[in-house]
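Residues in the sequence shown are numbered from 465 upward in steps of one, following our numbering.
These notes are about the structure you will find just below.
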Amino acid sequence: MSKDITDSDLKLIPLGKALGLDLISFAKLRASQDDSFVDGIRKHALRKLTKHNDIYIPNNVSFYAGSIDFMVGGSPHSKSFFLLEANGGSNRGLSILTKKQQALIYDGYFESISQAIEKSFNKDLKILVLIGVPVNDALIHEKVIMVEYFRKKIRALGLSLKIFNSDTYDKNYEAKIVFLISDYEHLSKALSFTDTEMRYLGEKVSVLIGDGIARRFNDEKFNNMIREDYGQINSTIVNPIFKITDDKSLTYLASHLIKNRLENYNLESLVFARAYNEKDLIEKVTRMIKTFKKSFIIKPSGGSGGAGVIQILKNLNAVEVMKKLEESKKEFYAKFSRKRNPFPYTIQEKVNFSLINWEGYQHTFDIRLYYALNKNQIIPIGGLARIAKGRYLNGLNKEEFVVNLSGYDGRIEVNRGIGLSEDNSKLLNLKSTDFTNLFCIGALIFKSMIENYNEIIQFSNWSCYLN
């Protein structure tokens, strides 16, 4: 990064190609966003959350930024919503947001740096900030845009700053704040944990941006602290609640614990369970099918892009369920390798979702919403709708219901995303009041993760299903 790097992906994409990087631009998707439409919804959502006393969090160091995905159901005149999953502080795709919305979410990330600056204000301490990215990340330019935003704020504070990658890092460089951008594979090998601090090549790390760094860090003492009391860790992780956001069953549990409050915003409760091994999964799925006469979805732990997400139809027997599980594991291993364990699996009731007309055919879709810390509040930022790749016929084909723009095969298909605007809300058959409710639901679920962290992490009564 030069001293005057651009913060425009329209300029960074060609630059990346000149360097041999195959980068993806979300400029067209971003252009479909409408700031005034989202500003109005955010205003109404914050007012509604305040009215129900659902907005403030007691501890502002345990959440900085994240996103939540929802499906939509119900009638055209009365919409209901279903929680799909949450995502922590390793969000990619933030350049789908407008510049104003990006600034709001980057301010959430920057809160972690501000807290580190405050702690070291009267001390001659260097603040080392790690920014993790996947290997060969096609969206690495988003991190460049984010760092440029940070750099401007740090310059405004009159503080010295230096930016490195793993090849150029010099721990002897004189600067108050040092950014190191590196891929997860390198960081997983270069990091260590001493007492209560994360260290990079022996240097204390003040902030880790991208909970994917901590997720891949294999240290028994660190893992125990994350589970028991992440407040003991002196290196700030964005976000330390990744054990919950990574695990769909724990995310559902966070929602389950406050389901009465969420009903105020039209979130429907789904039947779900957690399975620790193949035998457990097969027994639970077959019992749940028999009990509820419904189809279910199985989802591996820590998956992404829909890899391993498989339908278990209500007419399948135990042998057929086993075949579906093998199909799921094969898909999961193809993306993540056999070194990664897909268990515990989440079993979730299949919902009756709404369909929309997209390019002349019926398609399923979901809504992804982004959130960030603002002082001691979790505020909704904006989001997008993601359209399933395949047209909806009978719900049997995976491409009919997997909506991730990256797909489970990893290819990013920007054309299947649309921003939040009044025109697009009509396409989705949603009203501004529906988006207001969705904005509120996401904020409240993250709030539950923070306030009920220990209860969620330590929950052990998974012998049956929850509803």
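Every residue gets a Cβ at the ideal spot worked out from N, C-alpha and C, and that includes glycine.
So LYS685 and PHE657 are supposed to be a Cβ contact under 8 angstroms. How far apart are they, rounded?
The pair is a contact, with the Cβ atoms about 6 angstroms apart (cut-off 8 angstroms).
Beta strand (DSSP E) containing GLN841: first to last residue?
Taken as a continuous stretch (DSSP letters only), the beta strand (DSSP E) holding GLN841 covers 841-851.
Label TYR716 either buried or exposed according to how many other C-beta atoms from any shown protein chain fall within 10 Å of its C-beta, with 16 as the threshold for buried.
So TYR716 counts as buried.
Which residues in the same chain as LEU930 place their Cβ atom closer than 8 angstroms to its Cβ, once the five residues preceding and following it in sequence are excluded?
Counting only Cβ-Cβ distances below 8 angstroms, and skipping sequence neighbours, we find TYR716, LEU717, HIS720, VAL735, PHE736, ALA737.
Closer than 6 angstroms by C-beta to VAL599: which residues in its own chain qualify, once you throw out the five before and the five after it? Chain order, please.
ASP647, GLU649.
Do you know how far the Cα of MET535 is from the Cα of PHE501?
Going from the Cα of PHE501 to the Cα of MET535 covers about 21 angstroms.
Beta-carbon separation of PHE944 and LEU731 under 7 angstroms?
Residue numbering for the chain in the displayed model covers 465 to 931; residue 944 lies beyond these limits and cannot be assessed.
If I follow the unbroken beta strand (DSSP E) through ILE560, where does it start and stop?
Unbroken run through ILE560: none, as it is neither H nor E.
Between the beta-carbon of ASP830 and the beta-carbon of ARG850, is there less than 7 angstroms?
For ASP830 and ARG850, yes; Cβs fall inside 7 angstroms.
Go ahead and pull the three-state DSSP assignment for TYR520.
In this structure, TYR520 counts as strand in the three-state DSSP scheme.
Return the CA-CA distance between ILE627 and ASN901, expressed in angstroms with no decimal places.
Taking the straight line joining both Cα atoms gives about 41 angstroms.
Span of the beta strand (DSSP E) holding LYS543?
Run containing LYS543: 542-551, per the beta strand (DSSP E) assignment.
If distances are taken between C-alpha atoms only, which option among ASN688, ASN779, TRP926, ALA639 comes closest to ALA739?
That would be TRP926, whose Cα lies nearest to the Cα of ALA739.
Given a cut-off of 7 angstroms on the beta-carbon distance, is the pair ILE595 and PHE490 in contact?
Their beta carbons are not under 7 angstroms apart, which means ILE595 does not touch PHE490 by this criterion.
Pull the bridge partners of ASN629 from the DSSP assignment, please.
ASN629 is bridged to ILE645.
For the beta strand (DSSP E) that GLN497 lies in, which residues bound it at each end?
No beta strand (DSSP E) contains GLN497, which DSSP labels as neither H nor E.
When you compare the segment 772-788 with the segment 751-758, are there three or more beta-carbon pairs, one atom per stretch, that lie closer than 8 angstroms?
In short, these stretches touch, since the Cβ pair count reaches three.
Mind checking PRO808: buried by the 16 CB within 10 Å criterion, or exposed?
It counts as buried.
Bridge partners for GLN826 per DSSP, in chain order?
Answer is ASN821.
DSSP three-state label for GLY766, please.
Three-state result, GLY766: coil.
So ALA529 is in the beta strand (DSSP E); what residue range does that whole segment cover?
Looking at the DSSP string, the run of the beta strand (DSSP E) that includes ALA529 is 529-539.
With a CB to CB cut of under 7 angstroms and the five nearest residues on each side skipped, what residues in its chain are close to TYR633?
Excluding sequence neighbours, TYR633 sits near LEU644.
For the candidate residues ASN688, GLY906, SER889, whose alpha-carbon lies nearest to that of GLU727?
Here the closest residue by C-alpha is GLY906.
Find out if the Cβ-Cβ distance for the pair GLU813, PHE899 is shorter than 7 angstroms.
Not in contact: GLU813 and PHE899 (Cβ atoms no closer than 7 angstroms).
If I measure Cβ to Cβ from PRO844 and keep anything under 7 angstroms in the same chain, skipping five residues before and after, which residues do I get?
Only ARG506, ALA509, LEU833, TYR835, PHE903, GLY906, ALA907 meet the Cβ criterion.
Find the nearest neighbour of PHE574 within the set GLU864, VAL671, THR828, PRO704, judged by alpha-carbon distance.
The residue with the shortest Cα to Cα distance from PHE574 is VAL671.
Kindly indicate which residue of GLU863, GLU667, ASN916 has the alpha-carbon position closest to the one of VAL593.
It is GLU667.
Can you list, in chain order, the residues of its chain whose CB lies under 6 angstroms from that of ALA782, leaving out five sequence neighbours each side?
Excluding sequence neighbours, ALA782 sits near ILE746, THR750.
Are the CB atoms of LEU625 and ILE609 nearer to each other than 7 angstroms?
No.
Report the three-state DSSP secondary structure of LEU721 (helix, strand or coil).
Coil, per DSSP.
Is it right to say THR514 is buried, meaning 16 or more other beta carbons lie within 10 angstroms of its own, or is it exposed?
By the 10 Å Cβ count, THR514 comes out exposed.
Here's the rule: buried if 16 or more other CB atoms are within 10 angstroms of the residue's CB, otherwise exposed. What is ASP693?
By the 10 Å Cβ count, ASP693 comes out exposed.
Helix or strand or just coil, what does DSSP make of TYR856?
DSSP places TYR856 in coil when its eight states are reduced to three.
May I have the straight-line CA-CA distance separating GLU661 from ASN682, to the nearest angstrom?
Computed Cα separation, rounded: 14 angstroms.
What's the C-alpha gap between GLY824 and LYS607?
Rounded to whole angstroms, GLY824 to LYS607 spans 36 angstroms at the Cα level.
Which runs of the alpha helix (DSSP H) at least 4 residues long sit entirely within the segment 752-812? Give them in chain order.
Whole alpha helix (DSSP H) segments, 4+ residues: 782-800.
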